[in-house]
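Quick mapping for you: the protein sequence lines, in order, are chains F and Z.
Each residue of the first sequence is one higher than the one before, counting from 33 in the numbering used here.
Each residue of the second sequence is one higher than the one before, counting from 68 in the numbering used here.
Glycine included, C-beta positions come from ideal geometry on N, C-alpha and C.
Every value quoted in this text rests on a predicted model; they were computed, and no experiment measured them.
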Amino acid sequence: MSSAPIHAGRSLVVDAVSHRFGPSTALQDINLDVKGGELVALLGPSGCGKTTLLRIIAGFIAQSEGRIVIGDDVVDALPPARRAVGIVFQNYALFPHMTIAENIAYGLAARGASRTVQKETVARMLDLVKLGGFGERLPRQLSGGQQQRVALARALAIEPSILLLDEPFAALDKNLRLDMQIEVKRLQRLSGITTILVTHDQEEALSMADRVAVLSHGRLEQFATPTSIYDTPATRFVNTFVGSANELGGTVLGTDGDFLRVRLDSGGDVSVRAPGGMLSEGSRVAVCLRPEHLRIDAPGEDGFAGVVEMALPLGPTVVHEVRTGTGAALKISEPRSGGSLLRAAGTAVRISTAGPGLATAYPQTV
Amino acid sequence: MAASGLRRSIDVSGYDLRLAMPLAGFFAAFFLAPLAVLVVLSFQTDTTGAHWGVTQYVQFLGDAFSLGVLASTLWLGVKVTAVCLVFGWPVAWLHARSGPTVKSLIMLIVLLPLLTSVVVRTFAWIVILGRQGIVNATLMSLGLVEAPLKLLYTDLGVVTALAQVQMPLMVLPLATALSRIDPNLVAASEVLGAGEWRTFAKVILPLSLPGIVAGSMLTYAASITAFITQSLIGGGQMLFMPMYLYQQASTLQNWPFAAAISIIFLIAVLAVVTVFNTLGRLSRGFAQG
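Here it is as structure tokens:
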């Protein structure tokens, strides 16, 4: 288990890549600069173009415009076989008629490695993924998690410059998924390999990746660290897709230092971030407030009024659903450690934000 | 609904057997019984039916001509099966990898011959292969040959016509097997550095083995027993088992010998089918992931 890093990861640059399938645009001017050894998640709902981008990086699809650069090499002219990327597919795609050892040795054999090298590498890889002694079994004799480890070993055996993971955890049940996420992250750290993880699962992206690229309708919405994505979302899509957000209508009152002062339709004023630039006084905005950034028991006449509709104790937190005077439903999450009590349905409450700059305002388009 | 579904799934064996009863009765009356009669008949030493023995079998197995007919029939099956496999595999692969429109178009073209009678198709081949036929007319008008080639009543002609007639039997099982191959396996092979030939030899071909075995078995069995096509395209000069059998029974009225020929032919075919079946069982493991 004392495997040294296989080699320093190479960088990956996605340079102004666009792709069209016939008349429809699958990707629109995507720019990503992935450092060597970094784990980047491509996050988005299905149909956002993340898998298309993965297949372009692997070389299965030739992009309509732009370049893919691995290390110092522009790889656009190279077929998948010569890009030296490793892929773990969602269904693992292990060769069902070959043993585990044959699966892992496949790429080495294709590269003309000697039997001795193949055998030695297979043993090392099985060790790395903790499957020593499984070499002679067939894929169907293994569990889902074991099959995934084999897929990972097979991809890593050829010492790829880039490792691509296509929704690798989607087929696993919840407990196993967490184990495998930790396992993959461990292997990635150990090997120092540059890794691209495609996922629609925001928790997976936020917990595993060094940086997250959020995609929607073929556009790159934001490319930043997980905390930045969550705390300072660049767009309304990111704000609502990553984590949950309450959306309230409001009108801009003016600036407040670095923030924007907004009068909410439901009453009360909030200081909000405005990632799209400052908005002029009187313009309509959508204010996104995360459930944990709202307080339910504002003193006196602070904040705005609401009525509790439902209380949901979720173990470490308690979530109240509150309806405001304008009829909007809000979710408010509070930690339970302070012994915060469940409020009965029908209780009238005052709601305020936990602090300035926690909410974000986006220009109201509708 | 759920309860009755559950009961049915528990009771499944009893249910199935009863459903198979009418067909089993039909088979017993019209297949097993005549077969038994055939076996009995084959042990008569002469057409009068007075004496019993294995003379008919001894006569067939000791006769170079009869053994030659059997060998050429079994060999014909091998040739037709090989041609169907070589030409059918790419079609099945194209079918498996095409979009829905092309897919149904290919299927239509493959199935189209089945919608016409074998007799019609065979006569079409006579028109194509004859001395004044389409092939010869084309070759001569292009100046490639001076005199018409002999295509009809030749081995080549029989194999060509039979391959066309039996092609659907090869393509259909192959198409099923190939469409079950996960496209990601091909992608995985590519990305691991394998060229197209290695991917084909190491991944696609082994995984298509169950389809190859099933298709070959059907094509083989159908082509060695294809009385009409064999007789019409082969003509008088080429004799295969079905025609040989027909001559003995119908023309010469030598029923015991015809019965013995049938049994020997049946055993030979069963032997080949058993070999295919064994191969199929060995390869079936490949198809499942």
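Using beta carbons (cut-off 7 Å, strictly below), is residue i in contact with chain F?
i, result
"V212 of chain Z", "no"
"V270 of chain Z", "yes"
"P167 of chain Z", "no"
"G347 of chain Z", "no"
"G301 of chain Z", "no"
"R188 of chain Z", "no"
So that I know if they touch, is there some Cβ in chain Z lying closer than 7 Å to that of residue i?
i, result
"H249 of chain F", "no"
"P112 of chain F", "yes"
"R181 of chain F", "no"
"A90 of chain F", "yes"
Looking only at its chain, what residues have a beta carbon closer than 8 Å to the beta carbon of residue i, apart from the 5 residues adjacent to it on each side?
i, result
"Y303 of chain Z", "With the sequence shown as reference, residue 303 of chain Z is identified as Gly, and Tyr is not the correct amino acid for it. The residues are Y220."
"D8 of chain F", "Only positions 33 to 398 of chain F appear in the structure, and residue 8 of chain F is not among them; the question remains open."
"E134 of chain F", "F127"
"A163 of chain Z", "A242, L245, S246, I248"
"P235 of chain Z", "V177, L178, P180, L181"
"S35 of chain F", "Per-residue confidence for S35 of chain F stands at a pLDDT of 43, beneath the threshold of 50, marking its modelled position as unreliable; the derived number appears in the next sentence. So the qualifying residues of the chain are R156, D159, L160, L222, S223."
"V185 of chain Z", "V232, A293, I295, T296"
Which of the three DSSP states is assigned to residue i in this structure?
i, result
"R293 of chain F", "strand"
"I328 of chain F", "coil"
"S276 of chain F", "coil"
"V202 of chain Z", "helix"
"V270 of chain F", "helix"
"M342 of chain F", "strand"
"C151 of chain Z", "helix"
"R348 of chain Z", "helix"
"I248 of chain Z", "coil"
"H118 of chain Z", "coil"
"M310 of chain Z", "helix"
"S50 of chain F", "strand"
"R316 of chain F", "strand"
"I225 of chain F", "coil"
"R74 of chain Z", "In this prediction, R74 of chain Z has a pLDDT of 45, which is less than 50 and means its spatial position is unreliable; what the coordinates show is noted afterwards. Here R74 of chain Z sits in helix by DSSP."
"Y262 of chain F", "helix"
"N123 of chain F", "coil"
"T296 of chain Z", "helix"
Which chain F residues are close to residue i, counting only those with a beta carbon under 7 Å from its beta carbon?
i, result
"N344 of chain Z", "None at all; the shortest Cβ gap to chain F is about 19 Å."
"L252 of chain Z", "A125, F127"
"V280 of chain Z", "The premise fails here: V280 of chain Z is roughly 14 Å from chain F at the closest Cβ pair, so nothing lies under 7 Å."
Which same chain residues, not among the five before or five after residue i, have their C-beta less than 6 Å away from its C-beta?
i, result
"R198 of chain Z", "P215"
"Q396 of chain F", "R316, V317, A318"
"A159 of chain Z", "V238, L241, A242, L245"
"T227 of chain F", "L71, L195, Q220"
"L319 of chain Z", "none"
"T267 of chain F", "E253"
To which residues of the same chain is residue i closer than 7 Å at the C-beta, ignoring the five residues directly before and after it?
i, result
"G103 of chain F", "R42, S43, S193"
"N321 of chain Z", "T114, Q315"
"W156 of chain Z", "L241"
Residue i versus chain Z: which residues are under 7 Å apart at the beta carbon?
i, result
"F121 of chain F", "N251, A255"
"I190 of chain F", "L259, G260"
Name the chain F residues that come within less than 8 Å of residue i, Cβ to Cβ?
i, result
"P89 of chain Z", "Those do not exist, as P89 of chain Z stays about 38 Å from chain F at its closest Cβ, beyond 8 Å."
"R265 of chain Z", "A142"
Give the interface partners of residue i over in chain Z, defined as CB-CB distance under 8 Å, in chain order.
i, result
"Y22 of chain F", "Shown here, chain F extends from 33 to 398; a query on residue 22 of chain F therefore has no answer."
"I225 of chain F", "Neighbours of I225 of chain F on chain Z: none; closest Cβ ~15 Å, over 8 Å."
Whose Cβ in chain F lies nearer than 9 Å to the Cβ of residue i?
i, result
"P273 of chain Z", "F127, H129, M130"
Whose Cβ in chain Z lies nearer than 9 Å to the Cβ of residue i?
i, result
"A133 of chain F", "Going along chain Z, no residue has its Cβ under 9 Å from A133 of chain F, so there is no contact; the nearest lies around 14 Å."
"V117 of chain F", "V258"
| query | Do the stretch 178-186 of chain Z and the stretch 257-271 of chain Z make contact, defined as three or more Cβ pairs closer than 8 Å? | reply | no
| request: Spell out a yes or no on whether the stretch 283-295 of chain F and the stretch 260-272 of chain F are touching, meaning 3 or more CB-CB pairs, one atom from each, closer than 8 Å. | output: Counting Cβ pairs under 8 Å, fewer than three are found: no touch.
| task | Determine contact between the stretch 380-393 of chain F and the stretch 325-345 of chain F, defined as no fewer than three beta-carbon pairs at a distance below 8 Å. | result | Yes, the stretch 380-393 of chain F touches the stretch 325-345 of chain F.
| So, do the stretch 325-334 of chain Z and the stretch 268-282 of chain Z have three or more beta carbon pairs nearer to each other than 8 Å? | no
| message | I'd like to know if the stretch 115-128 of chain Z and the stretch 203-214 of chain Z are in contact, where contact means that at least 3 CB-CB pairs between them fall below 8 Å. | response | no
| request: Would you be able to state if there are at least three C-beta pairs under 8 Å between the stretch 227-241 of chain Z and the stretch 275-282 of chain Z? | output: Yes: at least three Cβ pairs fall under 8 Å.
| said: With three or more C-beta pairs closer than 8 Å as the rule, is the stretch 199-213 of chain F touching the stretch 111-126 of chain F? | reply: yes
| request: Determine contact between the stretch 302-312 of chain F and the stretch 354-368 of chain F, defined as no fewer than three beta-carbon pairs at a distance below 8 Å. | output: no
| task | Would you check if there are 3 or more beta carbon pairs closer than 8 Å linking the stretch 286-300 of chain Z to the stretch 147-159 of chain Z? | result | Judged by Cβ distances under 8 Å, the stretch 286-300 of chain Z makes contact with the stretch 147-159 of chain Z, as three or more pairs qualify.
| field | Cβ pair count under 8 Å reaching 3, the stretch 340-349 of chain Z against the stretch 291-299 of chain Z | value | no
| field | Three CB pairs or more closer than 8 Å across the stretch 84-94 of chain F and the stretch 158-168 of chain F | value | no
| the stretch 246-259 of chain F / the stretch 207-226 of chain F touching (three or more Cβ pairs under 8 Å) | No: fewer than three Cβ pairs fall under 8 Å.
| message | Could you check whether the stretch 99-110 of chain Z touches the stretch 326-346 of chain Z, counting it as contact only if at least three pairs of C-beta atoms, one from each stretch, sit closer than 8 Å? | response | yes
| task | May I ask you to verify whether the stretch 178-188 of chain F touches the stretch 135-155 of chain F, counting CB pairs closer than 8 Å and requiring at least 3? | result | yes
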